[in-house]
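Each residue of the sequence shown is one higher than the one before, starting from 3 at the first, in my numbering.
Ideal placement from N, C-alpha and C gives every residue a C-beta, glycine not left out.
Heads up: the structure comes next, in structure tokens.
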Amino acid sequence: MKSNLLNLLKFLIGWPISIISLVFVIKIILPNSSVVLRTFNHLNIFMTLLCIFCFAIYFALRGYIWKEILKNKSYRLNYKNSIFLWSVSELKRYTPGNIWSFIGRTLSFEKLGVKKKDSAKSLFYEAEFFIVGAVIASIFSIGLIFNHLPSFPLEILAQPAIFTGAVLFILVFIFNTELRKKNKFISLIFSILPDFKIEENLKLTSLSFFAVYFFGLGVYFSANSLFYIDPHNFIGLASFFSLALLIGYLSIITPTGLGVREAVITIGLSQIMSLEAAAFSSIYARVIFVFTELIFLFFVWIWNNSKSKTFAKVENFIYSRRYEIVLAICIALYMIYFTYASFLRYDNFFTGRFDLGNMDQTVWNTIHGRIFQITDPNGTNIVSRLAFHADFILILISPLYLIWSNPKILLLLQTIIVSLGAYFVFLIGRDVLKNKPMSLIFSLAFLLNPAIEQPNLYDFHPVVLATTFLLAAFYFVNKKKYFLTIVFLILAGITKENIWIITAIFGLYIFIRQRKKLLGTLIFTVSIAIFYCLVWIAIPKALGGQHFALSYYADFGDSPTTIIKNVIFDPFKTLSAIFHREQLVYLIEIFLPLGFLSFAYPLFLVFILPNLLINLLSNNAQLHQIYFQYSASIVAFIFISAIYGLKNLKKRTPHLPMTFYGVLILLCTIYSVILFGPLPGADDPNLEMFTKTLENRRIVGRYIARIPKKYSVAATNNLGSHLSRRELVYTVPQGINTADFIVFLIRSYSKDPQAKTERQILQKVKKNNNYSVVFANGDFIVFERKELINSL
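Following this line, the structure appears as structure tokens:
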């Protein structure tokens, strides 16, 4: 009798409550259906899909955290069963009286053998992890709260990454079970806190942080799908929406915090839009959130009830390759964003003759039979590209122009190859650390690294591809697959002449470390010979003088030999040149994202020493800035050294869990992204292509596309990459007396000194009697030679 009553009670609290919950969910959606319908005319579908994706990740992580909590309570549950029952119980939180969610969870998991007392305790643990994760995710909303830019936490908290790190250290302290045993008072206070290992506490806290922050991102994208939001506020707003979720979660008087959460979201959005628009956006976010939860539950239900063997095989494959799949998704997201952003830079004329136009013309000329030729960027003659750099890979990739003769294919190729560097970082980390989660963290740090992202957005440079090629070469040399090693070393070497120094060091590595004396000697000798022939003979001959970059080292001499001698034999002068503020900042920028772990195993930093000195000793400030391509060959070995450094540290500090180092790397990476990354939410992001689009870009694009390729054109730098598929293209003031067409695009708001110079040149051309204005639209002005007009 007692058993029957208990089963009846379970039934009454089970699916009937779920049905009631669905009724309340529908009551949430239906009154706001007009809100959704009104948005369809101007809804940004891409942003909406991103919103749904982020909310789905939030639910998936929350369900995974619950499974891991039970796992630490010695319950080994199937993930799909666990996530299904968790999702069903979560749905019941929409019923007035949050207790139904807790009761439903307890009764549901009792069927899987989980004791009620363990479920109850696990619910407390889940809430604790959620709250701590939400608090950390809310840190960067401080600036928004005080009506400052998202960089405000940097001023208030001095170092947000260090502050967050301090929070995690406190977590380690309070979750330390050994400490509780030593002190009864502490044991009493913290008796309700998770009694798991420190490593597990850090992992679950980190997962809770990401879950909550993905919710914040989802709200951001949902609002952005309705109204344009300046991406500079990206991090601060997403963090504020995380705070809204936390406040709603702590508000137990309403089901799942509905109403309270939306009020907080409205307050946050009202800082950047009207109150009506903010309220509208918060309601829309709530509807999409509930809709995503239903869709998520639907797919989880299908997954849980599927009996298909094929489905089971796919499930097993996904589980066994889960880290690789996450990496593949992250690489795909990187490709999508940076392809879209770089294409938008091109479409809005933020790319230039320097340097995308130079590369484009070289490739275009090559595929048309004028191999490796270019119009002198500093003159009007046709010269070999070798006069500037030995980036012969441009010849290799020229057949791509048979598929699509457009500079965008270079931008796409660059993004694809750079993003694949994360895969080789994963492979190296997996082989060295024997730890896939840490390897994945290194790969994510690679994709977020400012020294990777900044050059990826700054036009196209062959040497940027060397990062991935060098990582691949290192992976294959450790696998002793020497044919592939040589292939990737050659690919790296033909991106720029100075990379041959690195390939020579590979030869030494093979000779000394792997005892392949003949192969190592051959690679070293050939690499040094190629480097010498290029820098001392081929490039000077093509240029008609010394390598143009030698002027950057005038303080050390006027020839390669003299410079090398002075650098080696005058160490005081060399060190004094290195220890300048700009150079030290540069070193911090390239080593900080990995928490300076590279110095824990400095052996592999030998690979970067020559090129690092080339950058540090230069009097050209661009060489010691991460915003350009000059650090491409360096970053690869910073990651390799950091991976080996972590292995070395782990041996020396066995008591520290690997999760600690993972959190450290992520914190330092995120901090670096904020300080000097190009992504939305950074202190100085590269967002002009989104925020300063050229209104007449289609008119400009259509007109310059009609200029026949047989005519020579002199143009401002920002038009150079759009006019470079011809034999003769000049950058003003070059060619203003000889070109068939002279084209100007000068943005009126630009305060760039170059724009001021171009305005002066424009006035000069207007007074030139040999040219007439044939087209003008805003800041876009086209002049044509009068002789050409008369001949037509």
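Asked                                                                                                                                                      : Found
Quick one: what's got a C-beta closer than 6 Å to GLN161's C-beta in the same chain, skipping five residues either side?                                   : Low confidence applies here, because GLN161 scores a pLDDT of 46, under 50, leaving its location unreliable and the question unanswered by this model.
Residue range of the alpha helix (DSSP H) that ARG432 falls in?                                                                                            : 410-435
Where DSSP assigns a beta bridge to ASN771, which residues make up the other side?                                                                         : Answer is none; ASN771 lacks a bridge partner.
Could you check whether GLN363 and THR353 sit closer than 9 Å to each other, using their CB atoms as the reference points?                                 : no
Would you call the region 427-436 in contact with the region 632-650, where contact means no fewer than 3 C-beta pairs closer than 8 Å?                    : yes
How is the alpha helix (DSSP H) around GLU92 delimited, first residue to last?                                                                             : 81-93
Rounding to the nearest angstrom, what Cα-Cα distance links ASP120 and TRP88 in this structure?                                                            : 15 Å
Just the C-alpha distance for LYS75 and GLU455, rounded to the nearest angstrom, thanks.                                                                   : 42 Å
Please state the DSSP three-state secondary structure of ALA246.                                                                                           : helix
Give me the Cβ distance between GLU584 and ALA556, rounded to the nearest whole Å; I'm assuming they're in contact under 8 Å.                              : Their Cβ separation, rounded to whole angstroms, is 17 Å, which puts GLU584 and ALA556 out of contact at 8 Å.
Could you tell me if GLY115 is buried or exposed, where buried requires 16 or more neighbouring beta carbons within 10 angstroms of its beta carbon?       : exposed
Around the C-beta of PHE743, are 16 or more other C-beta atoms found within 10 angstroms, so that it is buried, or is it exposed?                          : buried
How is GLN736 classed by DSSP in three states: helix, strand or coil?                                                                                      : coil
If we count the other Cβ atoms within 10 Å of its Cβ and call it buried at 16 or more, is ILE783 buried or exposed?                                        : buried
Using 8 Å as the threshold, is the region 62-73 in touch with the region 127-135, meaning 3 or more CB pairs across them?                                  : yes
Just verifying my parser: in three-state terms, what is the DSSP assignment at ALA334?                                                                     : helix
Is it buried or exposed for SER310, if we count other Cβ within 10 angstroms and need 16 for buried?                                                       : exposed
How close, in whole Å, do the beta carbons of VAL637 and THR469 come, if the pair is a contact with beta carbons under 8 Å?                                : 6 Å
Three or more C-beta pairs closer than 8 Å, one from the region 322-334 and one from the region 689-698: is that the case here?                            : no
Could you check how far apart the C-beta atoms of ASN306 and PHE86 are, in whole angstroms? I think they sit under 8 Å.                                    : 4 Å
Rounded to the nearest angstrom, what separates ILE15 and SER84 at their Cα positions?                                                                     : A caution first: ILE15 carries a pLDDT of 44, below 50, which makes its placement in the model unreliable, though a value can still be read off. Taking the straight line joining both Cα atoms gives about 19 Å.
Quick one: what does DSSP say LEU658 is sitting in, helix, strand or coil?                                                                                 : coil
Apart from the five residues just before and just after ASN9, which ones in its own chain have a Cβ nearer than 7 Å to its Cβ?                             : Note that ASN9 has pLDDT 46, beneath the 50 cutoff, so the model's placement of it is unreliable and no number is given.
By Cβ distance below 8 Å, which residues in the same chain neighbour LEU277 in space, the five residues on each side in sequence not counted?              : THR268
Name the one or two DSSP bridge partners that GLN375 has.                                                                                                  : SER386
Which whole-angstrom value describes the C-beta separation of PHE61 and GLU295, a residue pair presumed to lie in contact below a C-beta threshold of 8 Å? : 6 Å
By the DSSP assignment, the alpha helix (DSSP H) with ILE71 in it spans what residues?                                                                     : 47-74
Closest by CA to ALA139, which one among LEU79, GLY218, ALA122?                                                                                            : GLY218
For ALA544, which option in ASN408, ASN383, MET337, SER726 has the closest C-alpha, if you only look at C-alpha atoms?                                     : ASN383
Buried or exposed for ASN360, please, with buried defined as at least 16 other CB atoms from any protein chain shown within 10 angstroms of its CB.        : buried
Output yes or no for whether 9 Å exceeds the beta carbon distance between ALA240 and ALA287.                                                               : no
Given PHE476, which residues of its chain have a CB within under 7 Å of its CB, disregarding the five upstream and five downstream residues?               : ILE430, ILE642
Under 9 Å, do LEU109 and PHE212 count as touching if we go by C-beta distance?                                                                             : no
In the DSSP assignment, find the unbroken beta strand (DSSP E) run with LEU747 in it and report its ends.                                                  : 743-747
Can you tell which of TYR554, LEU491, ASN500 has its C-alpha closest to the C-alpha of LEU524?                                                             : LEU491
Just verifying my parser: in three-state terms, what is the DSSP assignment at VAL137?                                                                     : helix
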